[in-house]
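Engineer:
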Amino acid sequence: MKPFEEKRVRASLDKAIRESESSSAKEQISKPVSDAVPVQTEDKIYMVKMSSLVMVEAMQGKVIVHEDNNQHESKGTLQFWEEKLPEETFMRVHRSYIINLDKIQAIEPWFNNTYQVTLETGIKVPVSRSYIQVFREKVNI
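Per the numbering used here, residue 689 is the first one in the sequence shown, and the count goes up by one each step.
Dropping the structure here:
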């Protein structure tokens with residue numbers, strides 16, 4: 689309120705700066721230290737490197753995490769993985785699939801103006817109509 693005291697304005701600015709610094713410190717703490725993601729199975733927790741992660745698939749109430757040469761069955765949801773994985777590299781292309789865009793080997797036209805993506809491991813994944821526009825933008829087609 690007017691008139692204002694310089695002392696109160698300075699105190700408010702100092703408080704805002706402290707809060708801003710503490711929130712950015714919290715953000716740094718929450719970021720993962722390595723590029724590995726923990727995948728919890730029934731008996732172990734596997735550390736899967738993002739670079740080897742090919743696809744995450746939802747099937748019959750479980751999530752299957754596909755690596756280059758391995759796969760792990762875990763509980764959870766695709767939405768959890770969608771939030772956890774970096775959106776620059778990973779994209780949900782279907783209600784049951786999240787793929788690593790760097791692992792795409794081929795893209796084929798499919799039914800109703802959609803696509804079928806072949807990944808480096810040979811797995812074929814459909815791109816559903818609801819994700820087609822964003823997919824085209826991400827892969828520049």
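Even for Gly, the Cβ is constructed at its ideal location relative to N, Cα and C. Bear in mind that the values here come from a model prediction, so they are computed numbers and not experimental data.
Once you ignore the five residues that flank Tyr819 on each side, which residues in its own chain have a CB closer than 7 Å to its CB?
Structural biologist: Cβ neighbours of Tyr819 beyond the five flanking positions: Arg780, Val781, His782.
Engineer: Tell me which same chain residues have a C-beta within less than 7 Å of the C-beta of Asn800, skipping the five on either side of it?
Structural biologist: Answer for Asn800: Arg817, listed in chain order.
Engineer: Classify Phe692 as helix, strand or coil using the three-state DSSP reduction.
Structural biologist: Coil.
Engineer: Specify the secondary structure class of Ile705 as computed by DSSP and reduced to three states.
Structural biologist: It is helical.
Engineer: Is the number of C-beta pairs between the stretch 722-738 and the stretch 750-766 that are closer than 8 Å three or more?
Structural biologist: Verdict: yes, contact present.
Engineer: My output table needs one value for Leu830: the three-state DSSP class, helix, strand or coil.
Structural biologist: As displayed, the chain neither begins before 689 nor continues past 829, which places residue 830 out of reach and without an answer.
Engineer: Ends of the alpha helix (DSSP H) at Gln793?
Structural biologist: From DSSP, Gln793 is part of no alpha helix (DSSP H) but of the beta strand (DSSP E) over 792-797.
Engineer: Do you know how far the Cα of Ile787 is from the Cα of Ile811?
Structural biologist: Rounded to the nearest angstrom, the two C-alpha atoms are 11 Å apart.
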